[in-house]
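Protein chains: 2
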Amino acid sequence: MYKLWYWSAVQGRGEFVRLALEAGGIDYVDCAREQGDAALLADLNDRTGRTPFAPPYLEIDGLVIAQVANILQYLGEQHHLAPSGLADRLWLNQLQLTIADCVAEVHNVHHPVGTGAYYDEQRPEAARAAEQFRAERLPKFLGHFEDAATANDGEWLIDHRWTYADTSLFQLVAGLRYMFPKRMATLAPEYPGLMRIHAMVADLAGVRAYLASERRIRFNQDGIFRHYPELDAA
Amino acid sequence: MYKLWYWSAVQGRGEFVRLALEAGGIDYVDCAREQGDAALLADLNDRTGRTPFAPPYLEIDGLVIAQVANILQYLGEQHHLAPSGLADRLWLNQLQLTIADCVAEVHNVHHPVGTGAYYDEQRPEAARAAEQFRAERLPKFLGHFEDAATANDGEWLIDHRWTYADTSLFQLVAGLRYMFPKRMATLAPEYPGLMRIHAMVADLAGVRAYLASERRIRFNQDGIFRHYPELDAA
Chain A
5 MYKLWYWSAV QGRGEFVRLA LEAGGIDYVD CAREQGDAAL LADLNDRTGR
55 TPFAPPYLEI DGLVIAQVAN ILQYLGEQHH LAPSGLADRL WLNQLQLTIA
105 DCVAEVHNVH HPVGTGAYYD EQRPEAARAA EQFRAERLPK FLGHFEDAAT
155 ANDGEWLIDH RWTYADTSLF QLVAGLRYMF PKRMATLAPE YPGLMRIHAM
205 VADLAGVRAY LASERRIRFN QDGIFRHYPE LDAA
Chain B
5 MYKLWYWSAV QGRGEFVRLA LEAGGIDYVD CAREQGDAAL LADLNDRTGR
55 TPFAPPYLEI DGLVIAQVAN ILQYLGEQHH LAPSGLADRL WLNQLQLTIA
105 DCVAEVHNVH HPVGTGAYYD EQRPEAARAA EQFRAERLPK FLGHFEDAAT
155 ANDGEWLIDH RWTYADTSLF QLVAGLRYMF PKRMATLAPE YPGLMRIHAM
205 VADLAGVRAY LASERRIRFN QDGIFRHYPE LDAA
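As you go down the protein sequences, you meet chains A and B in turn. Just so it is clear: in the first sequence, position 148 is 152 by this note's numbering, and no numbers are missing. Just so it is clear: in the second sequence, position 119 is 123 by this note's numbering, and no numbers are missing.
Structural data, given as C-alpha cells:
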C-alpha cells in the first residue's frame, strides 16, 4: 500500500499524484489527511539521508520518491500508466515537466516576490505578473499542450489510452479555469484537443468517482490555483 | 553524433546538458553556436508533432528530447552517467528536478513579474525577490544539496563516481557564486560537502578541458545567473 504525503487542505502539487492513483485504481493512504499536517511535518523532519526537498512524496516498502514528475514516472512504469517504448516515455516525461513549469509560473503569479510571504503582501506585483501571464505565457503553454493533444492519431496524448500526462493536463485545465475563469472562457475555444482530453479524463470511472468523493479537496485560496478576481480578465 | 540546440550566447539551461556531454566525453554539435540563433529559431518553428516547448533540446537519429532533466536522464541511461538501480535512478532524477526548481527560482529573482520584459523594467520587484531568495530559499536549497552530498559514503552523490547530478550541482554552485558573490562567501563554509562536489567536478578531465576552452561561454547578463550587485548582500 502506498503512503502519499502531502498537505491535507489543498490540492496543490499532490493532486497530480492523487489523480494518477485514483484514475489507475491504485490503493494509497493520504497520510496527512488522516493524521494531520503536523504528522507530515514530523515525518519530513525526521528523515535523514535521501530526503525529499518538499511534499509531495510517496513511500512504499522503504522507498521514498519525491518530485511530481519523478513519482508519476515511477507509477507509470510500475502500473502501466505510461507506454514502455523509449521515445514515448521521453515524450511523456517531457510533457509532464512542461506542465510542472507551467504550474510553477502559475504559483509565481500570486507569489512573484516572496514565496514565504502572503499574497496580500505582494498584490501590486502579483497584478503585474498576472497581466503578463494571461497575455503571453498562458496562450504559449496552452498552444503547446494543444499541439501535444493533436500530435497523436488517437484521442489521448499517446496511443489509445490515458497516461499520467493526460490526468495532469486535466488538472492543469481545471485549475486554470478556477483561477482565470474569464481568461479561460476567452481562450478555451482555441484549444479543442486539450479541452477534449480534459473532458475525457473527467469521465474516466476512477476519476469520476474521485471527483464526486470527499477525497477531492475543493480548489481554495491556499493552493497553487487561486481565484483572485483582480488577477483575471477576459 | 548528437545535435544540441540551445541559445548560442548564454550558458542558461543548456549548460547542464553541455557539462554532462563534456564530462562524459560524448561527441556533440552545439548547433546554434555554429549556425546562429536564427537557425535555432527556424529549427524550433519548423517542427511539428512532438515539439519542444523551449530549448535546450537534443536530437539523435530523428529522436528529439527536450527538458533538461529528461535529456540528462536519457544520457545517463545511454552513456552510464547514472547508476542503473531503481532507487538510485529515482533519487538522481529527484535531485535533478530540485536543481531545476532552484534554477527557476534564480531566474525569477531578476524576472519576478515579467519573463518577457527586461530586468530594468522590474528592478524594485527584483530587489524584493532577491532579498527573500538570499535569506530563505537559497539556504534551504543549499542545505538540501548538502544533505544529499553527505548522504552517500563516497565522495560523490552516489557510489564512487560522478553522475549527471554531480555536474549539475557544479553548475548550480558556479552560477550562484557568480550571481551572489557576497552571499555565497558567507554561506559556502556551511556546505562543505556541496563545495567538495563542485571542486571535484571542476577537476574531472573532460570538465577541466571544457572550462579552459572557448566552448565554455562566460557567465553574462543575459543568462539565468546574472550578477547585478544591487541584488547581492552578505
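We put the CB at the ideal spot given by N, CA and C, even for glycine. Nothing here was measured: the structure is a model prediction, and the numbers come from that model.
Run through chain A and tell me which residues come within less than 7 Å of residue i, C-beta to C-beta.
i	result
residue 87 of chain B	Per Cβ cutoff of 7 Å: no residues; residue 87 of chain B is ~13 Å from chain A at best.
residue 140 of chain B	120
residue 112 of chain B	112
residue 148 of chain B	57
residue 101 of chain B	71, 73, 74
residue 15 of chain B	Near residue 15 of chain B there are no residues of chain A at all, since even the closest Cβ is about 19 Å away, more than 7 Å.
Between residue i and residue j, what straight-line distance do the alpha-carbon atoms span, to the nearest angstrom?
i	j	result
residue 78 of chain B	residue 125 of chain A	42 Å
residue 99 of chain B	residue 37 of chain B	29 Å
residue 92 of chain A	residue 162 of chain A	7 Å
residue 7 of chain B	residue 58 of chain B	15 Å
residue 166 of chain B	residue 173 of chain B	11 Å
residue 144 of chain B	residue 195 of chain B	11 Å
residue 137 of chain A	residue 31 of chain B	38 Å
residue 74 of chain B	residue 50 of chain A	30 Å
residue 191 of chain A	residue 41 of chain B	31 Å
residue 69 of chain B	residue 61 of chain B	5 Å
residue 209 of chain B	residue 200 of chain B	16 Å
residue 214 of chain A	residue 22 of chain A	9 Å
residue 197 of chain B	residue 157 of chain B	11 Å
residue 142 of chain A	residue 121 of chain B	15 Å
residue 106 of chain A	residue 52 of chain A	31 Å
In chain B, which residues lie less than 8 Å from residue i when you measure between Cβ atoms?
i	result
residue 95 of chain A	54
residue 116 of chain A	112, 116, 117, 129, 133
Starting from the beta carbon of residue i, find every residue of chain B whose beta carbon is closer than 7 Å, and list them in chain order.
i	result
residue 151 of chain A	55
residue 78 of chain A	94
residue 91 of chain A	67
Chain B partners of residue i, CB-CB under 9 Å?
i	result
residue 49 of chain A	The premise fails here: residue 49 of chain A is roughly 12 Å from chain B at the closest Cβ pair, so nothing lies under 9 Å.
residue 155 of chain A	52, 53, 54, 55
residue 237 of chain A	Those within 9 Å of residue 237 of chain A in chain B number zero; the least Cβ separation is about 16 Å.
residue 39 of chain A	Those within 9 Å of residue 39 of chain A in chain B number zero; the least Cβ separation is about 24 Å.
residue 136 of chain A	117, 118, 119, 120, 121
What residues of chain A sit near residue i, judged by a beta carbon separation below 9 Å?
i	result
residue 26 of chain B	Those do not exist, as residue 26 of chain B stays about 22 Å from chain A at its closest Cβ, beyond 9 Å.
residue 225 of chain B	Simply none; closest approach about 21 Å.
Show which residues of chain C have a CB atom less than 9 Å away from the CB atom of residue i.
i	result
residue 44 of chain A	No chain C is part of this structure, whose protein chains are labelled A and B.
How would you list, in chain order, the residues of chain A whose beta-carbon sits under 8 Å from the beta-carbon of residue i?
i	result
residue 108 of chain B	105, 108
Can at least three beta-carbon pairs, one atom from the stretch 122-136 of chain B and one from the stretch 146-153 of chain A, be found at a separation below 8 Å? no
Flag this pair as touching only if the stretch 23-34 of chain B and the stretch 83-97 of chain B have three or more C-beta atom pairs under 8 Å; answer yes or no. yes
Unbroken stretches of the beta strand (DSSP E), 3 residues or longer, contained in the stretch 124-175 of chain B: none
May I ask you to verify whether the stretch 181-188 of chain A touches the stretch 214-230 of chain A, counting CB pairs closer than 8 Å and requiring at least 3? yes
Suppose only complete runs of 4+ residues qualify. What are the alpha helix (DSSP H) ranges in the stretch 53-111 of chain B, listed by chain order? 72-83
Any chance the stretch 108-126 of chain B sits against the stretch 197-211 of chain B, with 3 or more Cβ pairs inside 8 Å? no
Residue ranges of each alpha helix (DSSP H) within the stretch 8-37 of chain B, 4 or longer: 18-27
Contact set between the stretch 58-69 of chain B and chain A, restricted to residues whose Cβ is under 7 Å from the partner: 67, 69
Below 9 Å between beta carbons is the criterion; list the residues of the stretch 165-192 of chain A that meet it against any residue of chain B, in chain order. none
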